[in-house]
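Residue numbers (my numbering): 212 to 317.
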């Protein structure tokens with residue numbers, strides 16, 4: 212991830228994203244540089260419009276987490292309701308059983 216951050220930092224600073232600059236950023240951050248990863252990153256970013264990629268990625272990234280969170284909350288609420296109903300049914304069954312036993316000894 213730090214390799215991508217290095218590329219984004221260079222882009223934000225208006226610097227060219229090349230192997231030398233990426234290595235310099237990573238070294239300045241105290242990260243041991245893996246030459247193969249640097250070469251792969253620079254090759255992968257060739258011809259990519261980073262501003263366009265960021266703008267396209269920003270919209271779905273914000274909207275996507277909200278839906279699963281809402282679904283999880285609804286599911287948890289439904290499970291809690293089912294558990295409460297189940298407990299109430301069990302308590303009612305126990306009370307009825309005790310009433311039945313009382314009639315035997317009554």
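Here a beta-carbon is modelled for each residue, glycine too, at the ideal position from N, C-alpha and C.
Under the three-state DSSP convention, the category residue i falls into
i, result
"residue 259", "coil"
"residue 267", "helix"
"residue 249", "helix"
"residue 292", "helix"
"residue 224", "coil"
"residue 236", "helix"
"residue 215", "helix"
Residue i to residue j span [Cα, whole Å]
i, j, result
"residue 260", "residue 243", "28 angstroms"
"residue 262", "residue 213", "19 angstroms"
"residue 220", "residue 294", "50 angstroms"
"residue 257", "residue 270", "23 angstroms"
"residue 222", "residue 229", "11 angstroms"
"residue 283", "residue 265", "28 angstroms"
"residue 267", "residue 226", "22 angstroms"
"residue 235", "residue 247", "15 angstroms"
"residue 305", "residue 296", "14 angstroms"
"residue 253", "residue 233", "8 angstroms"
Of the residues the options, the one placed nearest residue i, counting alpha carbons only
i, options, result
"residue 255", "297, 215, 291", "215"
"residue 251", "218, 292, 264, 225", "218"
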